[in-house]
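Q: I have a structure here, written as C-alpha cells, and I will follow up with some questions on it.
There are 2 protein chains.
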Amino acid sequence: MITLVNGRRTDQVSIHDRGLAYGDGVFETMLSVKGEIPLWDIHLARLECSLKQLNIQPFDTNGLFDMIKNNLDKTRQQIIKLTVTRGIGPRGYAPPIPCKPTSIISITNREPGDALLRTNGFKIKLCETYYARQVKLAGLKHLNRLEQILARMEIAHTGHAEGIMLDQTGKVISATMHNLFLVKDGAISTPDLTFSGVAGVMRQLVIGLAHDENIPVTIKEISMDELLSADELFLTNSIDGVWPICELDSTIMTVGEITSKLQAKVREVIPSCD
Amino acid sequence: MITLVNGRRTDQVSIHDRGLAYGDGVFETMLSVKGEIPLWDIHLARLECSLKQLNIQPFDTNGLFDMIKNNLDKTRQQIIKLTVTRGIGPRGYAPPIPCKPTSIISITNREPGDALLRTNGFKIKLCETYYARQVKLAGLKHLNRLEQILARMEIAHTGHAEGIMLDQTGKVISATMHNLFLVKDGAISTPDLTFSGVAGVMRQLVIGLAHDENIPVTIKEISMDELLSADELFLTNSIDGVWPICELDSTIMTVGEITSKLQAKVREVIPSCD
C-alpha cells in the first residue's frame, strides 16, 4: 500500500487534524485501471464542489492528479482513497481562517470480486438505521459517516451484501455504500438526494449512460412500496460499477435486461470494473 | 501541550484510523483544576455509554484516569481532550470485529476567560444551520460534528459568542458548543435531546444543582418563542461552566438571580471554573 499525506510518504497524521477531531473533511474513492483513472474528472468535480460547500478553502487541486498517477501500478486495478480535511486547528468547532487543508492519499491493490454474484445478483435487506435529513450536507461525501456505519453493522452477520437505508420520513435513499436505481416499465428512477445520502460518481455516470441509451431516468422521492414492486433493482458505486439485486429481504427480484445493459456500458467506460 | 495516543507520547495517529476516516468515535472535553478532574465520574459514565451505543467494544477505561492524572499540572487549570475511536480498520464502513480502539489524549493549559462577560452576559444569535434528527446518535458526543462547524462558521465575523441551533422542525436544541437553559417564572427548562444535540456533562451537573436548590427543572421541547420570552437564559459546558446571556439577536435579556445562583453553585463544585 502507498500512503501520502500532503505529498509526503507517511501513514501518520496529526491528532490535531480536524478530520479526526470532527470529521471535518471529504473523501473520494476511485478505481484505477492499469495506471489510468477513468472517472477522474467526475471525482475531481465532486471533490471541488464538496470543499466549496464546506468552505474548506483555499485548496489547490492542481497537483493531485500527477501525485496520484505517479504512484499507480500500470499492471493492475487499484483503489485510490483521497481524503481532504480542513487541516490542523485548535480545539473548538470554529475553523481556523484561512485553513491549511490536509490531503491524504492511499492506494491499494484491488482484489477481483465474485463474478457469479455480479451476474446472478446480490441479496440485500432493509436497515433500521435511517439517514437524517440535512440539506447542507446531503449529497456530499464528507467524513461524518456514523449513520452508514450503524446501518452496515446491521448486516454484519446476516449474509446480505448490502443494506437499504431510508430517511427519517420513510423515503428510500440508498444502500450503505452504494446508490440505488430501480427499473419499472422500461424506465429508470433513482432517489432524490436533496436532503440525505451521497451523490455518487458512478450514479452520475450511469444516469448519463442511460440517457445515451434513450432509457428515461427520473430523480425523485421513492417509497419502499415502489422499490418492492420494481421490475429490476441495481446498486452502483465507483469501485463496484453496477451490482444487480436478486433479493430484497423476502422479495425475489429479476436481474433484468436494463441492468445488464448498463452493466455492460459501464464496462466499456471502465474495462475491468466488473 | 501533552499528547498521548494509546498511552504513548506522540501527536500522530494512523491515517487508517476510523476516527479520521468516518468520524467513528467519541470524545470528552474535561476541565482539571490543580491536578484534579472534578467531573471525572460524569465524563467517564457518558464516555462508556457512548462507546456502548456505537458498539466500540471492548475498550478498557480502567487505566485512563491514572494515565491522565499523572500528566496534569498541579498548579493550574487545564483542558483535557479524550478521544476514543474504533481504531484502525480496512476501507469500508463495516467495523472490524473485534475492534481495537484508539485512545487519544491532549492536555493544554487553560487561559482565563473574560470575567466581565461572565458577569454581564454574552451576546448570541440564532443560526440558520439546523441539527438533523437522528435518534441513534442524539445525545452522544461523537466525532461527526459538521453541523456544529457549519453553524459556528455563521458567527465567525458577527461578534457573537455563540449561536443557537434548532432542529429541522424548528425546536430549540442547544448552542453550537454549549447546552441551553431558560428560566421562566422561577422554573428552569432545557431542551429534550432525544433526537438531536449533545447531552453535556455540565448540563447534567446543573440539573442536579438546581434540584438541590429546589428549583424545578423540566426537560422538554422548546420553541423559539419560549426562548425569546424567557426571564433568563444561560449556556453551559464543561469548560465554561455557566454563561449568562444578555442578548439574543435583537432581544435584550436580563442576567437574573437563578442564573447567578447556579453559576455560584457550579463554582463551589469546580472552584475556578469561571
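So the sequences go chain by chain: Y and G.
Under the numbering used here, think of the first position of the first sequence as 1, with each following residue one higher.
Under the numbering used here, think of the first position of the second sequence as 1001, with each following residue one higher.
Glycine residues also receive a C-beta, built at the ideal position from the N, C-alpha and C atoms.
Bear in mind that the values here come from a model prediction, so they are computed numbers and not experimental data.
1) Hey, which unbroken runs of the alpha helix (DSSP H) at 4 residues or more fall wholly within the stretch 111 to 144 of chain Y?
2) Contact check, LEU31(Y) vs ILE270(Y) under 8 Å by CB: the rounded distance?
3) Out of curiosity, what's the CA-to-CA distance linking THR119(Y) and ASP41(Y)?
4) Would you mind telling me which residues of chain G sit closer than 7 Å to ASN55(Y), beta carbon to beta carbon, in chain order?
5) Under a CB-based cut-off of 7 Å, is ALA94(Y) close to chain G?
6) Determine whether the Cβ of GLN148(Y) lies closer than 7 Å to any Cβ atom of chain G.
7) Is it buried or exposed, PRO1096(G), if we count other Cβ atoms within 10 angstroms and call 16 or more buried?
8) Is there a C-beta anywhere in chain G that falls below 7 Å from the one on GLN12(Y)?
9) How many angstroms separate the CA atom of THR1218(G) from the CA atom of THR1259(G)?
10) Is the Cβ of ARG110(Y) closer than 7 Å to any Cβ of chain G?
11) With a cut-off of 8 Å, do at least 3 Cβ pairs link the stretch 1211 to 1228 of chain G to the stretch 1150 to 1159 of chain G?
12) Please state the DSSP three-state secondary structure of CYS246(Y).
13) Name the one or two DSSP bridge partners that PHE65(Y) has.
14) Look up GLY1241(G) in the DSSP assignment and say whether it is helix, strand or coil.
15) Find the residues of chain Y that neighbour ILE1097(G), judging by a C-beta separation of less than 8 Å, and give them in chain order.
16) Hey, how far is the Cα of GLY1139(G) from the Cα of LEU1228(G)?
17) Is there at least one Cβ from chain G nearer than 7 Å to CYS273(Y)'s Cβ?
18) Starting from the Cα of SER189(Y), find the closest Cα among PHE234(Y), PHE195(Y), GLY200(Y) and give me that residue.
19) Just to make sure I have the definition right: I need the residues of chain Y whose C-beta is within less than 8 Å of the C-beta of THR1129(G). Which are they?
20) Who are VAL84(Y)'s beta bridge partners in DSSP?
21) Tell me whether THR175(Y) sits in a helix, a strand or coil according to DSSP, three-state version.
22) Return the Cβ separation of GLN148(Y) and MET177(Y) in integer angstroms, given the expectation that the two are a contact with Cβ distance under 8 Å.
23) Is it a yes or a no for the stretch 1107 to 1122 of chain G touching the stretch 1077 to 1088 of chain G, going by three-plus beta-carbon pairs under 8 Å?
24) Quick one, which of ALA161(Y), LEU143(Y), LEU248(Y) has its alpha-carbon nearest ASP1024(G)'s?
25) Are the CB atoms of GLY1092(G) and LYS1101(G) within a distance shorter than 7 Å?
26) Going by C-alpha to C-alpha distance, which of LEU248(Y), GLU247(Y), GLY7(Y), HIS211(Y) sits closest to ASN70(Y)?
27) ASN1109(G) bridges to which residues according to DSSP?
28) Applying the criterion that 16 or more other CB atoms from any shown protein chain within 10 Å of the CB defines a buried residue, is GLN77(Y) buried or exposed?
29) Residue range of the beta strand (DSSP E) that MET165(Y) falls in?
30) Does the CB of ILE104(Y) have a neighbour CB from chain G at under 7 Å?
31) Any idea which residues DSSP pairs LYS1184(G) with across the strands?
32) Identify every residue that forms a DSSP beta bridge with LEU1233(G).
A: In short:
1) 115 to 120
2) 6 Å
3) 29 Å
4) MET1153
5) yes
6) yes
7) exposed
8) yes
9) 16 Å
10) no
11) no
12) strand
13) PHE65(Y) pairs with nothing; no bridge assigned.
14) strand
15) ALA156
16) 24 Å
17) With a pLDDT of only 48 at CYS273(Y), under 50, the local geometry of the prediction cannot be trusted, and the value read off the model is given with reservation. CYS273(Y) does not count as touching chain G.
18) PHE234(Y)
19) LYS136
20) VAL26(Y), SER103(Y)
21) As written in the sequence, residue 175(Y) is Ala, which differs from the Thr given in the question. Of the three classes helix, strand and coil, the one that applies to ALA175(Y) here is strand, per DSSP.
22) 7 Å
23) yes
24) LEU143(Y)
25) Sequence check: residue 1101(G) is Pro here, not Lys. No; because the gap between Cβ atoms is not below 7 Å, this pair is not in contact.
26) GLY7(Y)
27) GLN1078(G)
28) buried
29) 162 to 166
30) yes
31) ALA1187(G)
32) LEU1182(G)
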